[in-house]
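Residue 1 is where the sequence shown starts when you use full-length UniProt numbering, and the numbers rise one by one after that.
Every residue gets a Cβ at the ideal spot worked out from N, C-alpha and C, and that includes glycine.
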Amino acid sequence: MESSSGSVLWFTGLSGSGKTTTAQQLFNRLTAAGRPAELLDGDAIRTTIGKGLGFSREDRLENIRRIAYVANLLAKHGIVVIVSAITPYHEMRTYLRHHVNGYVEVYACCSLEVCESRDVKGLYAKARRQEIQSFTGISDAYDVPDRADIVIDTHRHAVEENVARIWDYLRQSPRILSIAAHGHPAAAGEETCVREIAVEEEPMPEGVNE
Numbered sequence: 001m002e003s004s005s006g007s008v009l010w011f012t013g014l015s016g017s018g019k020t021t022t023a024q025q026l027f028n029r030l031t032a033a034g035r036p037a038e039l040l041d042g043d044a045i046r047t048t049i050g051k052g053l054g055f056s057r058e059d060r061l062e063n064i065r066r067i068a069y070v071a072n073l074l075a076k077h078g079i080v081v082i083v084s085a086i087t088p089y090h091e092m093r094t095y096l097r098h099h100v101n102g103y104v105e106v107y108a109c110c111s112l113e114v115c116e117s118r119d120v121k122g123l124y125a126k127a128r129r130q131e132i133q134s135f136t137g138i139s140d141a142y143d144v145p146d147r148a149d150i151v152i153d154t155h156r157h158a159v160e161e162n163v164a165r166i167w168d169y170l171r172q173s174p175r176i177l178s179i180a181a182h183g184h185p186a187a188a189g190e191e192t193c194v195r196e197i198a199v200e201e202e203p204m205p206e207g208v209n210e
């Protein structure tokens, strides 16, 4: 991995897991603290630099590689980059860990049932009726992260609590961010936040995170 004055916090998790909401709040807190930061959302990426890619395994891998390329460019200029993208496969996250400068993996842990209950667009229901193919958690796989640097439970904990957890982690990592002199180190994960689900990314025309 190349050295960098910036860092990339990569949020991974199911659609509806709360990763984008948490990422946005973290972005707001960073900018309020005067830190140069940028938020890359999977939805927006799919309609711009990912336009034309399908949802085969290789196309999904290519989409992640493109996001990583942009994130690296920003990180090299000292920007704290926040990425929110489902990033379902171990293969993807292994690639990121080896090719993204200052990579920090944030796993938004949330059960499939809770994610479905949050789905106001009814995409999970459509997937269960097979109206959407290769849909996260229904007909394609998500490899639950086993090496996440930070695990946040987005069902039991409020957004503010999860942002504070990430903030504490950053305060303990001078190479990423210099926020305050002291803080409580955040645990790398929570043993209680383990799920038995198979998930993946869902088609962008439906407005779901990549």
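| Asked | Found |
| --- | --- |
| Which of helix, strand or coil DSSP assigns to Thr94 | helix |
| Outcome for Arg65 when other beta-carbon atoms lying within 10 angstroms are tallied against a minimum of 16 | exposed |
| Collapsed DSSP secondary structure at Leu53 in the structure displayed | coil |
| Between the CA atoms of Val163 and Lys19 - distance to the nearest angstrom | 11 Å |
| Distance between Lys126 and Glu58 (C-alpha atoms, nearest Å) | 24 Å |
| 7 Å CB neighbourhood of Arg128 in its chain, flanking five on each side removed | Ile138 |
| Cys115 in three-state terms, based on DSSP | helix |
| Val120 classed as buried or exposed, judged by whether at least 16 other C-beta atoms fall within 10 angstroms | exposed |
| Cβ-Cβ separation, Glu105 to Ala148 (assumed contact under 8 Å), whole Å | 5 Å |
| Nearest neighbour of His157, chosen from Asp143, Val8, Cys109, Gly122 [CA to CA] | Cys109 |
| Cβ contact (3+ pairs, closer than 8 Å) linking the stretch 46 to 61 and the stretch 20 to 32 | no |
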